[in-house]
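All remarks here apply to the structure that follows.
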Amino acid sequence: MLTCCVSSIRVTASTEAPSVLTESGASMSVDMWSIHRVVVFALAAASSFTPVYAQEFSQSTDPDCHSHDSQRSPHTVKSRWNMSVSNLIQDPDQLRVSCKKLIEAFPVDEVDGNFVRTVKNCIFSKSIPTPLKGPLRLAAVSKDVIEGILDLHVAVTQSEDFLHYASGGRLLLESVPLAHRYGGHQFGYWAGQLGDGRAHLLGQYYNRKGETWELQLKGSGKTPYSRSGDGRAVIRSSVREFLCSEAMHFLGVPTSRAASLIVSEEPVLRDQFYNGNVKTERGAVVLRLAKSWFRIGSLEILAQSGEIDLLRKLLNFVTDEHFPSISSSDPDKYLVFFTTVVNETAHLIAQWMSVGFAHGVCNTDNFSLLSITIDYGPFGFMESYNPNFVPSTSDDEGRYSIGAQANAGLFNLEKLLGALTPVLTQKQQKVAKMILKGYVSIYQTRIHQIFKAKLGLLGEEEEDNYLIAFLLKMMEDTQSDFTMTFRQLSEVSDMQLQNRNFTQMWALDDLSLHKHFSEWLNMYLSRVNGQQNDTDLDRQNRMKNINPRYVLRNWMAESAIKKAEMNDFSEVELLHHILSSPFVTQETAEEAGYAARPPLWAQGLKVSCSS
Ligand code: AMP
Ligand code: MG
Numbered sequence: 009m010l011t012c013c014v015s016s017i018r019v020t021a022s023t024e025a026p027s028v029l030t031e032s033g034a035s036m037s038v039d040m041w042s043i044h045r046v047v048v049f050a051l052a053a054a055s056s057f058t059p060v061y062a063q064e065f066s067q068s069t070d071p072d073c074h075s076h077d078s079q080r081s082p083h084t085v086k087s088r089w090n091m092s093v094s095n096l097i098q099d100p101d102q103l104r105v106s107c108k109k110l111i112e113a114f115p116v117d118e119v120d121g122n123f124v125r126t127v128k129n130c131i132f133s134k135s136i137p138t139p140l141k142g143p144l145r146l147a148a149v150s151k152d153v154i155e156g157i158l159d160l161h162v163a164v165t166q167s168e169d170f171l172h173y174a175s176g177g178r179l180l181l182e183s184v185p186l187a188h189r190y191g192g193h194q195f196g197y198w199a200g201q202l203g204d205g206r207a208h209l210l211g212q213y214y215n216r217k218g219e220t221w222e223l224q225l226k227g228s229g230k231t232p233y234s235r236s237g238d239g240r241a242v243i244r245s246s247v248r249e250f251l252c253s254e255a256m257h258f259l260g261v262p263t264s265r266a267a268s269l270i271v272s273e274e275p276v277l278r279d280q281f282y283n284g285n286v287k288t289e290r291g292a293v294v295l296r297l298a299k300s301w302f303r304i305g306s307l308e309i310l311a312q313s314g315e316i317d318l319l320r321k322l323l324n325f326v327t328d329e330h331f332p333s334i335s336s337s338d339p340d341k342y343l344v345f346f347t348t349v350v351n352e353t354a355h356l357i358a359q360w361m362s363v364g365f366a367h368g369v370c371n372t373d374n375f376s377l378l379s380i381t382i383d384y385g386p387f388g389f390m391e392s393y394n395p396n397f398v399p400s401t402s403d404d405e406g407r408y409s410i411g412a413q414a415n416a417g418l419f420n421l422e423k424l425l426g427a428l429t430p431v432l433t434q435k436q437q438k439v440a441k442m443i444l445k446g447y448v449s450i451y452q453t454r455i456h457q458i459f460k461a462k463l464g465l466l467g468e469e470e471e472d473n474y475l476i477a478f479l480l481k482m483m484e485d486t487q488s489d490f491t492m493t494f495r496q497l498s499e500v501s502d503m504q505l506q507n508r509n510f511t512q513m514w515a516l517d518d519l520s521l522h523k524h525f526s527e528w529l530n531m532y533l534s535r536v537n538g539q540q541n542d543t544d545l546d547r548q549n550r551m552k553n554i555n556p557r558y559v560l561r562n563w564m565a566e567s568a569i570k571k572a573e574m575n576d577f578s579e580v581e582l583l584h585h586i587l588s589s590p591f592v593t594q595e596t597a598e599e600a601g602y603a604a605r606p607p608l609w610a611q612g613l614k615v616s617c618s619s
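Note that the numbering used here has the sequence shown beginning at 9, numbered continuously upward.
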């Protein structure tokens, strides 16, 4: 079995992450609660909504369809910046990516072809995507990414050319598609060579803002790293990745982005719940972007195979390109790099916790060196508050429960340190270990700041930890909805709170059933009412910019997927639109019940690693 799941492997205590962080559980102490604390990353970013019209085009049968030279339009010689009225690229033939930097920086696999093999002494293998069977349909597009990052006019996405470019049927100008060689620790164990088994890096795009983005197709066919997989991704998992990565961006959580989602008629066999019930689904491709797709596993494989010069090369590349504050001549540069990753990983996981996001597969191959959320699989947003919430049915040990993510981060950082060890001096190794010890406190401090902000608390009072822990414990006892409890606390006035007037506030209504609710309420009201230079309205506004009203609940994704599988993409479009402004109450979302108590049918929903 490929993957993320490895459900047959039993994780023993000795392979678990060091128990520096208290395990989450029913008998929570206030100490433990202190780890449950967001950054005021409020960012009701402007809506990037663009209506997507389902379009059907036949797959090109042109055998040369990969050869961009033969497809190049005469307009491509025009300067990218010298375009039209709108100043955005109007023709996808003009979208130029570059693989030069990556190919020049690293040795490339000398063997050609997409057959499965063990690859050594390189970072990438050249690999041509395998076109999907048509007709192809554009199921979703992010205007924010297409225009804001790729400088392409969104109208371009309605063309047949775009469908081919964004699904692997045709190559962008100057693209040399690459599959990345990486390894990883999966569920606590070294899994050896993994790599891009169904993803193709098309190249880097230098946009008009001066940013560099790496474009990648996911689901675009086999590569040397496909192992026993078919190189494909199905509609359901692709809809989930498209929607969730965009939703996370608008929630303010560092993440890869998604430009488009294209669905095909290519039959793909999947045993969704690994119970022998194999079904034919359809292939889909997401065009996704990140500043870099390098992971902890990118370094691990080099250290594990003793390719130390290459390890140094990759580290130098990553630090030079993505960590501008690190001087290339600094003898401690790898240590500074490690310190930054420790810090940023702690911050990322704290942000996941702030929105109730459980990644589902926190393996080292899914942990970015830039500390962004990548590789969306069986993720889930926690509904009823429960630190033991496990989004994936494939994770039967609960290794990656929401409350264990901070520990998983620590485990992964230890593996990162292991990979760096060959390039660190003995003294630097000692310092690195000390730095890693600081991870817990970095995480706790961040969580504390975040949850204080979620409660609208200003300044610092001694009882703040207790106030937060007390609330979370009540939420756990009453199974209150995580998102809506915080949101409704942001929408309720202090008078309403005082009078316990929770009409239509279903989550607060649930919470108020707790026998200690009044005690907590009194503490909370006295804390917020004692804040100087703050009004109740200010508190509400601050809180509403931090506590989303809408997150991608499983039932919402599921309902959109069911329609998408019937070629009705309206609900994907609606969700994409709503989740682009998660902090703003929207009529269509309210009508759809996105802030209401989840429907009963949602209770039995399951998500597995199968994708
Ligand atoms: P994931 O859990 O999706 O991050 O994948 C773990 C590893 O399995 C990565 O190396 C993926 O490229 C590979 N993989 C997952 N699904 C497939 C597939 N259908 N075909 C080929 N490789 C796959
Ligand atoms: Mg992965």
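We put the CB at the ideal spot given by N, CA and C, even for glycine.
Just so you know, these numbers come straight off a predicted model, no measurement behind them.
Review point. What does a CB cutoff of less than 7 Å around D204 pick up in its chain, not counting 5 residues either side in sequence?
Key: A187, H188, T231 and Y233
**Study point:** Terminal residues of the alpha helix (DSSP H) in which W221 lies
**Key:** Where W221 is concerned, there is no enclosing alpha helix (DSSP H), although the beta strand (DSSP E) it sits in stretches over T220 to K226.
**Study point:** Those residues which DSSP pairs with G388 across a bridge
**Key:** A366
**Study point:** beta strand (DSSP E) segment containing E274, residue limits
**Key:** R265 to D279
**Study point:** Cut-off 6 Å between Cβ atoms - residues of its own chain near A207, not counting five sequence neighbours on either side
**Key:** Q224 and K226
**Study point:** Assumed close pair F346, L424 - CB separation to whole angstroms, cut-off 8 Å
**Key:** 7 Å
Check your understanding: Closest by CA to L529, which one among T511, V500, P556 and N541?
Key -> V500
Review point. Which whole runs of the alpha helix (DSSP H) in the segment 577-615 are 4 residues long or more, in chain order?
Key: 578-586 and 595-599
Point to revise | Span of the beta strand (DSSP E), counted from its first residue to its last, around F132 | key: F132 to K134
Practice item. May I ask you to verify whether the segment 130-138 touches the segment 154-167, counting CB pairs closer than 8 Å and requiring at least 3? Key: no
Review point. Is the beta carbon of S578 sitting closer than 9 Å to the one on K570?
Key: no
Practice item. Go through the segment 277-315 residue by residue and report every complete run of the beta strand (DSSP E) that reaches 3 residues or more, in order. Key: 286-298
Check your understanding: For D317, does the count of other Cβ atoms within 10 angstroms reach 16, so buried, or fall short, so exposed?
Key -> exposed
Exercise for review: Quick one: give me the first and last residue of the alpha helix (DSSP H) that H188 is part of.
Suggested key: From DSSP, H188 is part of no alpha helix (DSSP H) but of the beta strand (DSSP E) over L186 to H188.
**Study point:** Close-in-space but distant-in-sequence residues of the same chain around V184 (CB under 6 Å, 5 per side omitted)
**Key:** C107
Point to revise | Own chain partners of R605 with C-beta closer than 7 Å, once the 5 adjacent residues on each side are dropped | key: W514
Exercise for review: For Y197, name the three-state secondary structure that DSSP assigns.
Suggested key: strand
Exercise for review: Measure the C-alpha to C-alpha separation of E573 and R290 and round it to an integer number of angstroms.
Suggested key: 8 Å
**Study point:** First through last residue of the beta strand (DSSP E) which encompasses A207
**Key:** A207 to Y214
Exercise for review: May I have the straight-line CA-CA distance separating F170 from F397, to the nearest angstrom?
Suggested key: 40 Å
Review point. How big is the Cα-Cα spacing for A597 and I586?
Key: 7 Å
Exercise for review: Tell me whether M482 is buried or exposed, calling it buried when 16 or more other Cβ atoms sit within 10 Å of its Cβ.
Suggested key: buried
Review point. Would you say the beta carbon of C8 comes nearer than 8 Å to a heavy atom of the ligand AMP?
Key: Coverage of the chain is limited to positions 9 through 619, which leaves residue 8 absent and any answer about it impossible.
Check your understanding: Based on the DSSP secondary-structure assignment, which residues constitute the bridge partners of F375?
Key -> T381
**Study point:** Residue interval of the alpha helix (DSSP H) (run including A147)
**Key:** Looking at the DSSP string, A147 is not in any alpha helix (DSSP H); the run it does join, the beta strand (DSSP E), is R145 to V149.
Exercise for review: Would you kindly report the start and end of the unbroken alpha helix (DSSP H) that includes R535?
Suggested key: F525 to N537
Check your understanding: Comparing alpha-carbon positions, which option in N575, L103 and S534 lies nearest R216?
Key -> L103
Exercise for review: Would you check whether the ligand AMP has a heavy atom nearer than 8 Å to the C-beta of G202?
Suggested key: Note that residue 202 corresponds to Leu in the displayed sequence, not to Gly. Yes, Cβ of L202 sits closer than 8 Å to a heavy atom of the ligand AMP.
Review point. Is the CB-CB distance between F490 and Y393 below 9 Å?
Key: yes
Review point. Mapping DSSP to helix, strand and coil, what is L160?
Key: strand
Review point. Using DSSP with H/G/I as helix, E/B as strand and the rest coil, what is L4?
Key: The structure shown does not extend to residue 4, since the chain is modelled only from 9 to 619, so the question has no answer here.
Exercise for review: Measure the Cβ-Cβ separation of R561 and E391 and say whether it is below 9 Å.
Suggested key: yes
Point to revise | Burial state of L582, where buried means 16 or more other Cβ atoms lie within 10 Å | key: buried
**Study point:** For D117 and I131, the rounded distance between their alpha carbons
**Key:** 8 Å
**Study point:** Helix, strand or coil at D489 according to DSSP, with G and I counted as helix
**Key:** strand
Review point. For G305, does the count of other Cβ atoms within 10 angstroms reach 16, so buried, or fall short, so exposed?
Key: buried
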